[in-house]
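*Asks:* Chains as they are written, first to last, in the working numbering: chain A, 1327 to 1609; chain B, 21 to 320.
Built from N, CA and C at the ideal position, the CB exists for glycine as well.
Since the structure is predicted, the reported quantities are computational estimates derived from the model, not experimental observations.
Right under this line is the structure:
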């Protein structure tokens, strides 16, 4: 118990407190700061770039999570069918999740290249567009591009976790329902969905948490650009703190993420509690 | 938390016998199942394919889509790989990554085994709360911690050393591994330990000779997972290490291979490919453990 507790206390709990403290000082790189109260938060409150990053983070998380959920659920349902090469399929489809995000993001970077994008090339050849798409140069294109890359990476996690949940549902339920004349949609709505809800809640909490605090993908693809259009709170915090040297301000931005994360965790926690209560469980 | 279905036996076996499959015609199944599945496979794997073929293309072919179809390597070359291995510090980064990932995995596993066993079996006062707080620790993302950790690393004089990474990676590995191992220890029957106690074994002996051998699958899952997580780590490595010889692969490829406005896509892709291969190979040997670890952590 002791080794784990000491490492966690020294390198996790203490930094959390230190981060909170740093956010209340005016520390810069190479200069210890003094306590200045909430001044950092006040200046952030007036900072339009900060608000833009909040907006981006919420939008990024919302869209990416939504699509990850639906596509992941779809993939899980497909893999749960009786298909050939099932375990092989499951294994290779997890690859995007295994491979270091930075490295797969570099592959996306190349595919999003303004001149030599393979996606543009195919679309031009197919006659769907006239000129190459400027994937990462235009604000909205860049936003959509990073969300797509995030969805690509997140689908396998959602799908495989939900698949594990699906496999615990007894097929006899579906057999009984089919005999009673239920359509496939009714089977899904009244058997699969209710039984899968607890796992959905947990998987989506994880997905939302990791998307909200995402850093690597944005850092590789756009570094927050063009003109801060894709800055998330994590990348802005890094930008201000490390290259910019304003450690305190960066820490304040990072701390500003905490309430959002706490809200996400509480929502899923209470959702699960209510669910458990409805099903008459005591735990 | 998830009593609903999680406790029941997996029914994969029943499915593999066909189940209600006879209700669906073959054509319908092709359109409804295989076609979407192929689309998913294509989209999820295409970036890897593209990464691989770009690695083996010559510079002329990389930028010329008109002469030959871009979807195949017409004049394969090893120039990009040669450049990567001999003209950059890539082998050094690979070695660093391996060293850091292996040591932090080892430290985390050691600490997690003790912690998980303590929480699960010693039943001290408040062990339930410790368990919960470990879970909560897992939910604290690195992007919140990296700034205060950077100042700590700096003050401890560890800045720009491998130790900075080896000591900080366990912050996200230990909570995860502990949580995973707690689930495994829970499944080992009490009676075995009671027998050992009666035979005069100490707690340590019980842990080493009874519990650990039974928890091997759990240890493998946790180990593989911890190794891949630390291999993939980016933000700490980017912040705590500055000189080229201490960088890890993800950071090195991004910061050193990109110089100025000219991107050498060939060697960049080669770097990405070779950085991904070790984890992909490791993963392919232990798929089942990996999936068990992932779904186990979610289900608990």
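1) Indicate whether at least one CB of chain B lies closer than 9 Å to the CB of residue 1542/A.
2) Considering Cα atoms alone, identify which of 1388/A, 1374/A, 1592/A and 1535/A is closest to residue 1553/A.
3) Which residues in the same chain as residue 196/B place their Cβ atom closer than 6 Å to its Cβ, once the five residues preceding and following it in sequence are excluded?
4) Ignoring anything shorter than 4 residues or poking outside the stretch 73 to 127 of chain B, list the alpha helix (DSSP H) runs there in chain order.
5) Excluding the five sequence neighbours on either side, which residues of its own chain have a C-beta within less than 6 Å of the C-beta of residue 291/B, listed in chain order?
6) Any contact of the stretch 1335 to 1355 of chain A with the stretch 157 to 172 of chain B, i.e. 3+ C-beta pairs under 8 Å?
7) For a contact meaning CB atoms closer than 8 Å, what does residue 1426/A contact in chain B?
8) By Cβ distance below 6 Å, which residues in the same chain neighbour residue 1577/A in space, the five residues on each side in sequence not counted?
9) For the alpha helix (DSSP H) that residue 1450/A lies in, which residues bound it at each end?
10) Indicate whether residue 1544/A and residue 1527/A have their beta-carbon atoms separated by less than 9 Å.
11) For the stretch 54 to 80 of chain B, which residues have a beta carbon sitting closer than 9 Å to at least one beta carbon of chain A?
12) Taking residue 202/B as the query, report the chain A residues whose CB atoms sit under 8 Å from its CB, ordered along the chain.
13) Inspect the beta-carbon positions of residue 1516/A and residue 1502/A and report whether they are closer than 9 Å.
14) At the 9 Å Cβ level, is residue 1456/A part of the contact set with chain B, yes or no?
15) Under 7 Å, CB to CB, which of the residues in the stretch 92 to 116 of chain B have a partner in chain A?
16) For residue 1456/A and residue 249/B, I'd like the C-alpha separation in whole angstroms.
17) By the three-class DSSP mapping on this structure, what secondary structure does residue 198/B have?
18) For the alpha helix (DSSP H) containing residue 1554/A, list its first residue and its last residue.
19) What three-state label does DSSP hand residue 1412/A in the structure shown?
20) Identify, in the order they occur along the chain, each residue of the same chain with its Cβ nearer than 6 Å to the Cβ of residue 204/B, setting aside the five sequence neighbours on each side.
21) Are the C-beta atoms of residue 1466/A and some chain B residue less than 9 Å apart?
22) Who are the near neighbours of residue 312/B in its chain, counting only those whose CB is closer than 8 Å to its CB and skipping five residues on each side?
23) Which residues of the stretch 1504 to 1519 of chain A have a Cβ closer than 9 Å to any Cβ of chain B? Give them in chain order.
*Replies:* Inspection of the coordinates gives the following:
1) For residue 1542/A, the answer is yes, since a Cβ of chain B falls inside 9 Å of its Cβ.
2) 1374/A
3) 158
4) 79 to 82 and 99 to 107
5) 104, 273 and 277
6) yes
7) Within 8 Å Cβ-Cβ: 251, 252, 254, 269, 270, 295, 296 and 299.
8) 1345, 1348 and 1349
9) 1444 to 1451
10) no
11) Those residues of the stretch 54 to 80 of chain B that come within reach of chain A (Cβ to Cβ, closer than 9 Å) are 54, 56, 57, 60, 61, 63, 64, 65, 66, 67, 68, 70, 71 and 74.
12) Chain A residues near residue 202/B: none, gap ~12 Å exceeds 8 Å.
13) no
14) no
15) none
16) 42 Å
17) helix
18) First-last for residue 1554/A: undefined, no H or E at that position.
19) helix
20) 235 and 238
21) no
22) 237 and 241
23) Of all residues in the stretch 1504 to 1519 of chain A, the ones placed with a Cβ closer than 9 Å to any Cβ belonging to chain B are 1504, in chain order.
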